[in-house]
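Visitor: So the sequence shown is numbered by full-length UniProt numbering: it starts at 7 and just counts up by one. The beta carbon of each residue, even a glycine, is placed where N, CA and C say it ideally should be.
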Amino acid sequence: VKRVTTHTIQKMKVDGEKISMLTAYDFSMARILDDAGVDVLLVGDSASNVMAGHETTLPITLDQMIYHAASVVRAARRALVVVDLPFGSYQGNSKEALASAVRIMKETGAHAVKIEGGEEVIESVKRIISAGVPVVGHLGLTPQSIYKFGTYAVRATEEAEAAKLLSDAKLLQDAGCFSIVLEKIPALLAKQVAEAVHIPIIGIGAGMHVDGQVLVMHDLLGINKDFKPRFLRRYLNLYEEIYNATQQYVKDVKNRDFPNEKEQY
Ligand code: KIV
Ligand code: NA
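Structure, rendered in structure tokens:
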């Protein structure tokens, strides 16, 4: 199979072929998603929530991101693998940002990194790109800034924030980002951004007028029982499936149904 590259997804935008992205954090799941044809696997810092059980993405460390990313890279035969730079590993210090990106590239074999923010992080973005590491931007609801926002509600519904978002997208493009993720913003603003830049715009809760979509794998599979935001389409109710299977296993063990004659040596 031919590897998806930053050039492949740029061409997808030009050709009008939508880009599919999903998060992955471990080898076994990443292998299934890659076999199923996901274009881009994102080792998101949402691992902090869905893997480690933290309330926010802030606590996850660079070492922990590297552990997840290396596992995903070992599984991905076709997908482009993008890794989030975690909170505290790139903000306000471009030298440290480069060092963090270099560690991810060297220690995981991933193909690109993702960074939250616009103008505030532009020096870090430029420095990483100047080292030859492709960067994805991330604007809108940027979860590492949750304590600044105070809420997970839709961003950029007001003119000033919308104007800054559009200007940030252009800055990120000019700095050399090969793609931008837009999270939880009005569909019409996302459309404006996708039309204003030539790099692919990948949305989550950003509507249909963008160049691709991304979801957190656990959300799409319905592993998180109670997370049902408007933007999410659930393709499975895996919580139920796993719950029922586990309950059945417990029952079978208790009533000596498992293992049976054929299931022993
Ligand atoms: O960490 C993550 O899962 C993300 C996506 C939601 C874009 O950044
Ligand atoms: Na993230």
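Of all the options GLY123, MET57, TYR245, ALA193, which has the alpha carbon lying nearest to the alpha carbon of ILE152?
Guide: Checked all of GLY123, MET57, TYR245, ALA193; the closest Cα to ILE152 is GLY123.
Visitor: Nearer than 8 Å: is that true of the beta carbon of VAL87 relative to any heavy atom of ligand 1?
Guide: Incorrect: VAL87 has no Cβ contact closer than 8 Å to ligand 1.
Visitor: What's the C-alpha gap between HIS13 and ARG80?
Guide: The alpha-carbon atoms of HIS13 and ARG80 are separated by roughly 22 Å.
Visitor: Taking 8 Å as the line, does the beta carbon of GLU122 fall inside it for any heavy atom of ligand 2?
Guide: The answer is yes for GLU122.
Visitor: Tell me whether SER52 counts as near ligand 2, meaning its Cβ is closer than 8 Å to at least one heavy atom of that ligand.
Guide: Checking the Cβ of SER52 against ligand 2 gives yes.
Visitor: Looking at the C-beta of THR114, does it have a partner C-beta in chain C at a distance below 9 Å?
Guide: Here chain C cannot be found, since the structure has a single protein chain.
Visitor: Note down, one range per segment and in chain order, each beta strand (DSSP E) of at least 3 residues found wholly within the region 66-102.
Guide: Counting only runs of 3 or more, we get 86-90.
Visitor: Distance, Cα to Cα, GLN16 vs VAL10?
Guide: Distance between the alpha carbons of GLN16 and VAL10: 10 Å.
Visitor: List the whole-angstrom C-beta distance separating ALA76 from THR114, where the pair is believed to meet the contact cut-off of C-beta under 8 Å.
Guide: With a Cβ gap of about 4 Å, ALA76 and THR114 count as contacting.
Visitor: Suppose contacts are defined by Cβ-Cβ distances below 9 Å. Is THR163 in contact with ILE191 by that definition?
Guide: Result yes, Cβ atoms of THR163 and ILE191 sit closer than 9 Å.
Visitor: At the level of alpha carbons, what is the spacing between MET18 and VAL216?
Guide: Straight-line Cα distance between these residues: approximately 12 Å.
Visitor: Indicate whether the contact test is met: 3 or more Cβ pairs, each with one atom in the region 94-109 and one in the region 126-133, closer than 8 Å.
Guide: Yes, the region 94-109 touches the region 126-133.
Visitor: Comparing alpha-carbon positions, which option in LEU227, ALA251, ILE210, LYS260 lies nearest PHE237?
Guide: Nearest C-alpha to PHE237: ILE210.
Visitor: Sorted by chain position, which residues of the same chain lie with C-beta nearer than 8 Å to HIS117's C-beta, five sequence neighbours on each side aside?
Guide: Same-chain partners within the cutoff: THR11, THR12, LEU86, VAL87, VAL88, PRO140.
Visitor: So what's LEU177 in DSSP terms, helix, strand or just coil?
Guide: Helix.
Visitor: Considering only DSSP beta bridges, list what ILE121 is partnered with.
Guide: DSSP output for ILE121 lists GLY143 as bridge partner(s).
Visitor: With burial defined as no fewer than 16 other Cβ atoms inside 10 Å of the residue's Cβ, what is the status of ALA166: buried or exposed?
Guide: Classification of ALA166: exposed, given that the 10 Å Cβ count is below 16.
Visitor: For the alpha helix (DSSP H) containing VAL20, name the first residue and the last one.
Guide: Element bounds for VAL20: 12-21.
Visitor: From GLU201 to LYS176, what distance separates their C-alpha atoms?
Guide: Computed Cα separation, rounded: 11 Å.
Visitor: Can you find a heavy atom of ligand 2 that lies under 8 Å from the Cβ of PRO235?
Guide: For ligand 2, not one heavy atom lies less than 8 Å from the Cβ of PRO235.
Visitor: Per DSSP, which residues does ILE210 bridge with? Please list them.
Guide: BP columns for ILE210 point to GLU189.
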